[in-house]
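Number of protein chains: 2
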Amino acid sequence: MVDSWVNSAERIGADLHLDLTGQGGRRAALIRVLREAVRDGRLAPGTRLPPYRSLAADLGVARNTVADAYAELVAEGWLTARQGSGTRVADRARPLRPAERVPRKSPARARGPRHDLRQGTPDASAFPRAAWSAAYRRALQAAPNEAFGPGDPAGRRELREALTEYLARARGVRTTPDRIVVCSGFAHAVRLLFGQGGPGGGVLRGPLAVEAYGLGFHRGLLAAAGVRTVPLPLDEHGASVAELGRERAVLLTPAHQFPTGGPLHPERRAAVIDWARARGTVVLEDDYDGEFRYDRKPVGALQGLDPERVIHIGSVSKSLSPALRLGWMVLPERYVEPVLAVKGEREAWASVPEQLALADFVVSGSYDRHVRRMRQHYRRRRDRLVAALAAHAPHIEATGVAAGLHAVLRLPPGTERSTVKAAAWQGVALDGLAAFRHPATDMPPADGLVVGYATPPEHAYTAALEALCGVLPPR
Amino acid sequence: MVDSWVNSAERIGADLHLDLTGQGGRRAALIRVLREAVRDGRLAPGTRLPPYRSLAADLGVARNTVADAYAELVAEGWLTARQGSGTRVADRARPLRPAERVPRKSPARARGPRHDLRQGTPDASAFPRAAWSAAYRRALQAAPNEAFGPGDPAGRRELREALTEYLARARGVRTTPDRIVVCSGFAHAVRLLFGQGGPGGGVLRGPLAVEAYGLGFHRGLLAAAGVRTVPLPLDEHGASVAELGRERAVLLTPAHQFPTGGPLHPERRAAVIDWARARGTVVLEDDYDGEFRYDRKPVGALQGLDPERVIHIGSVSKSLSPALRLGWMVLPERYVEPVLAVKGEREAWASVPEQLALADFVVSGSYDRHVRRMRQHYRRRRDRLVAALAAHAPHIEATGVAAGLHAVLRLPPGTERSTVKAAAWQGVALDGLAAFRHPATDMPPADGLVVGYATPPEHAYTAALEALCGVLPPR
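Protein chains in written order, with our numbering: chain A, 102 to 576; chain B, 102 to 576.
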């Protein structure tokens with residue numbers, strides 16, 4: 102019996118904070134504080150108490166004192182003891198005072214819409230759990246001890262080397278590991294580049310030219326950092342970079358304009374680099390879904406044209422999962438030290454074990470395999486969307502479908518708002534183009550729906566497409 | 102042969118960005134771009150090329166075209182082909198242009214001092230790799246699909262529930278999961294609470310009372326957020342909270358004053374809560390090493406005295422590793438929504454898989470086991486430090502040794518600066534008390550060394566102690 106407690110001491114070894122000061126002997130004090138801890142909910146029902154030996158050692162009391170106290174509380178009904186599972190807090194409603202309950206707005210997407218066709222997230226059910234776990238385990242086994250100390254703010258060397266090779270091969274990015282800074286995603290990159298709006302300022306300053314259609318979330322980040330954004334009109338060749346003037350930098354989505362969907366025309370790619378050279382400034386390239394291209398026309402990173410004039414920003418948020426919070430910036434040489442100075446002396450954001458896991462995932466080929474599988478998966482999704490439209494709404498054109506995880510359905514003028522509203526009524530969540538429009542642009546507005554075809558789980562996709570077709574405006 | 106390529110297509114599936122536009126046929130174009138990619142370093146030596154079938158499908162060319170191009174480049178020496186390992190880029194020095202190399206300052210601690218006795222990090226060699234990997238794997242297996250979509254900015258429910266139970270049990274914290282917000286560590290918590298110094302402002306405002314000795318890094322964070330800090334003098338009972346006046350909030354380390362080492366006196370604990378109630382404000386409790394207490398005097402969280410008047414901030418940075426970037430805030434009800442509003446609509450920082458892993462680690466008892474083991478480990482370290490001083494420098498008193506991962510060695514007046522300098526000369530990295538002193542305090546300065554005894558690896562600790570004793574001032 103004593104032996105089994107000793108063993109469970111190693112097995113459970115739970116920590117318990119108890120204050121035995123106060124009146125009476127140690128045994129009485131221990132009974133009192135344990136009873137109080139159960140009564141006020143600090144010890145939740147079902148919680149295993151530490152074995153006698155552990156608690157006795159922690160409190161500096163005799164083992165019998167603990168055993169007596171436990172026995173008393175079992176007798177009183179506060180605790181239960183069962184051979185083999187130790188002493189536990191008895192099951193009773195946890196006496197939480199109502200004042201301590203906080204009614205919370207339900208978190209984003211916790212209770213989602215019936216059909217979720219919002220853009221922006223990959224198919225969460227396709228996360229490669231087994232392969233990623235295996236990479237994580239291998240990375241932890243192989244890591245040197247210093248990996249568990251304070252981290253290099255540039256990110257782990259292993260990851261920056263893997264990204265150097267991968268981005269060169271898959272995206273045409275020209276870099277060295279020393280020019281890569283790991284971050285938590287695009288939003289973090291923007292914060293590092295433009296600062297926090299405080300007196301310290303950032304590495305870059307506004308005004309910043311942006312595409313007339315883009316993520317409102319990004320515009321909000323920039324506004325919070327005190328950066329004024331100037332919209333560039335879009336046409337079928339992408340952003341009208343000829344209209345760039347005296348802005349201090351420009352933010353583009355050259356591979357796949359977000360959300361309208363086309364690549365930036367080669368002449369404009371060259372022109373925007375020329376502008377950055379002439380102005381002595383830089384182009385920010387948001388390469389948010391560069392891996393997912395379905396036609397055979399390669400659209401490499403703009404960064405490859407001039408590594409000294411482009412900041413290339415990517416992440417695993419579309420390719421693997423936004424839950425990982427891993428991204429990267431590929432920087433011109435002159436920005437490396439300033440960005441690291443903003444990031445601080447140690448890595449304060451991106452998990453080091455997951456950086457190492459991503460390095461392993463890339464080097465082992467798992468990342469390529471996953472991207473390839475997802476590309477086929479999303480291409481099939483896109484094809485089904487296009488087929489559904491052809492069958493049920495042939496007058497609605499899907500554009501921007503050669504790449505990415507979303508399409509834009511062009512709508513007859515004046516029908517967007519009512520269509521989005523009708524969709525919401527039918528439990529179909531999606532956004533109209535208006536949601537992405539820069540408030541200051543004077544482009545003529547176009548009506549359209551931005552349909553994310555990656556978000557619904559596989560079993561729900563057919564129904565989502567049917568519901569979508571059901572709310573489209575008639576010819 | 103064809104079969105083996107087909108298999109390897111699945112196995113390798115590498116992505117390669119190539120642009121076949123330009124003069125000549127597809128075969129010639131493919132040869133040209135592959136050659137260029139190898140020459141300019143985009144394809145690094147040793148890189149496996151995709152199998153014929155994959156690349157042919159990607160580019161929309163015949164499989165033979167790819168096979169011919171590979172054969173040509175093997176003939177030219179750019180590629181090598183070996184049965185079973187596919188086609189690879191030949192080994193030759195990577196032709197990186199010197200202009201693309203960036204000389205970087207070596208990262209923090211990459212080449213550390215001979216003897217590292219700086220405070221602030223746990224023993225990196227003691228990270229529980231196997232147990233943590235197992236928790237990560239279990240967590241990933243058990244996670245619902247939505248865990249891989251956009252995350253709740255409050256943090257995963259699983260983790261907030263585990264922390265609620267753990268913090269109640271081990272630290273006397275009274276909370277519900279709804280009052281916990283997960284973050285990346287103490288610095289992130291400060292940013293969320295005080296904003297970024299921008300026009301939006303934060304949840305709290307300055308001036309903020311702080312202890313006269315503390316981390317300069319924290320003061321810097323607050324200054325960057327535009328928060329003025331007002332130093333509170335320290336004595337043997339901790340911060341002189343009686344001197345609190347019209348500050349808007351106070352930041353304390355009540356369990357173990359950093360760096361001087363004592364707990365806040367019970368009367369002062371009560372007094373600071375009274376002050377916060379009277380002022381209608383809040384106490385920030387930095388519980389940075391609450392788990393590591395070596396005497397039998399429990400020092401619970403201040404938060405337990407009044408959950409509506411204390412923001413309790415903790416992390417795994419001392420208990421597990423700063424590499425994980427996981428921390429938490431336990432908030433009074435009225436601050437929950439404002440902090441979540443600052444954090445944003447989705448989790449942008451803390452890794453969701455690692456949040457789930459930590460929840461598993463806590464619930465399975467692995468966290469308690471690890472903390473218990475580390476407590477014994479650090480207690481032995483502390484005992485060896487105290488014994489070394491008794492043997493070699495009995496005139497030097499070690500204070501603040503009842504808890505934590507560091508001690509303060511009191512020095513004769515006027516000797517601190519020269520001792521720190523002498524230590525640096527001998528390859529012993531540590532800080533004097535002056536490094537932690539608030540610039541605006543009028544406390545009489547005390548001479549002392551802050552010795553982190555957790556940082557050196559086990560095999561180096563004896564030598565570090567010897568080196569330390571060798572630089573202490575004589576009696």
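Heads up, the beta-carbon is just placed ideally off N, CA and C, and yes, glycines get one too.
In this text the structure is predicted, and so the values were computed from the model without any measurement.
Residue i in three-state terms, based on DSSP
i: A/ASP217; result: strand
i: A/ALA194; result: Interpretation of A/ALA194 is limited by its pLDDT of 38, a score under 50 that renders its predicted location unreliable; no figure is taken from the coordinates.
i: A/ARG349; result: coil
i: A/ILE89; result: The question about residue 89 of chain A has no answer here: the residues shown for chain A are numbered 102 through 576.
i: B/SER416; result: strand
i: B/ARG410; result: coil
i: A/ARG210; result: Residue placement at A/ARG210 is flagged as unreliable, the pLDDT there being 41, under the threshold of 50; the coordinate-derived value follows with that caveat. DSSP places A/ARG210 in coil when its eight states are reduced to three.
i: A/GLY299; result: With a pLDDT of 48 at A/GLY299, under the threshold of 50, the modelled position of that residue is not reliable, and the figure given next carries that caveat. Three-state DSSP puts A/GLY299 in coil, outside helix and strand.
i: B/VAL440; result: helix
i: B/LEU294; result: helix
i: B/THR181; result: strand
i: B/THR520; result: helix
i: A/ARG257; result: coil
i: A/MET430; result: strand
i: A/HIS560; result: helix
i: A/LEU385; result: strand
i: A/ALA317; result: Contrary to the premise, residue 317 of chain A reads as Gly rather than Ala in this sequence. A/GLY317 falls in the helix class under three-state DSSP.
i: A/TRP106; result: Low per-residue confidence applies at A/TRP106: pLDDT is 30, beneath 50, and the placement is therefore not dependable enough to give any value.
i: B/THR188; result: strand
i: A/GLY405; result: helix
i: A/GLU337; result: coil
i: A/VAL328; result: coil
i: B/HIS507; result: strand
i: B/ALA555; result: coil
Under 7 Å between C-beta atoms of residue i and residue j
i: A/THR520; j: A/PRO574; result: yes
i: A/PRO423; j: A/VAL551; result: no
i: B/ALA356; j: B/GLY391; result: yes
i: B/GLY553; j: B/LEU218; result: yes
i: B/GLY147; j: B/ARG183; result: no
i: B/ARG349; j: B/THR382; result: yes
i: B/ARG483; j: B/VAL509; result: no
i: A/LEU441; j: A/TYR479; result: no
i: A/LEU534; j: A/GLY549; result: yes
i: A/LEU144; j: A/ALA138; result: yes
i: A/VAL162; j: A/ARG136; result: no
Amino acids of chain A, ordered along the chain, whose beta-carbon sits closer than 8 Å to that of residue i
i: B/PRO558; result: ASN246
i: B/GLY401; result: HIS118 and ASP120
i: B/GLY362; result: What B/GLY362 touches in chain A: nothing, since even the nearest Cβ is about 19 Å away.
i: B/ARG275; result: ASP141, GLY142, ARG143 and GLU201
i: B/THR222; result: GLY250 and PRO251
Proximal chain B residues relative to residue i, where beta-carbon distance stays under 7 Å
i: A/PHE249; result: ALA225, PHE228, SER422 and ALA424
i: A/TYR237; result: SER234 and TYR237
Under 9 Å by beta carbon: chain A residues contacting residue i
i: B/LEU144; result: GLU266, ALA269 and ARG270
i: B/VAL453; result: SER422, PRO423, ALA424, LEU425 and ARG426
Contact set between residue i and chain B, taken where Cβ atoms lie within less than 8 Å
i: A/GLN242; result: ARG230 and SER234
i: A/THR181; result: What A/THR181 touches in chain B: nothing, since even the nearest Cβ is about 17 Å away.
Chain-ordered chain A contacts of residue i [CB-CB under 7 Å]
i: B/TRP450; result: SER285, ARG426 and TRP450
i: B/ALA288; result: ALA449
i: B/THR148; result: GLU266 and ARG270
Check: At a cut of 8 Å, does the segment 432 to 447 of chain A reach the segment 273 to 293 of chain A through at least three beta carbon pairs?
Finding: yes
Check: Using 8 Å as the Cβ pair cut-off and three pairs as the minimum, do the segment 223 to 230 of chain B and the segment 548 to 564 of chain B touch?
Finding: yes
Check: Does the segment 519 to 537 of chain A come within contact of the segment 565 to 573 of chain A, defined as at least 3 CB pairs closer than 8 Å?
Finding: These segments touch.
Checklist line | Meets three-Cβ-pair contact criterion under 8 Å: the segment 411 to 429 of chain B and the segment 457 to 474 of chain B | finding: yes
Next item on the list: Would you be able to state if there are at least three C-beta pairs under 8 Å between the segment 337 to 345 of chain A and the segment 363 to 374 of chain A?
Entry: yes
Notebook entry, point to check: Does the segment 268 to 280 of chain B touch the segment 315 to 329 of chain B, meaning 3 or more C-beta pairs lie closer than 8 Å?
Noted result: no
Notebook entry, point to check: At a cut of 8 Å, does the segment 255 to 273 of chain B reach the segment 490 to 504 of chain B through at least three beta carbon pairs?
Noted result: no
Checklist line | Uninterrupted alpha helix (DSSP H) stretches inside the segment 220 to 278 of chain B (no shorter than 4 residues) | finding: 230 to 243 and 258 to 272
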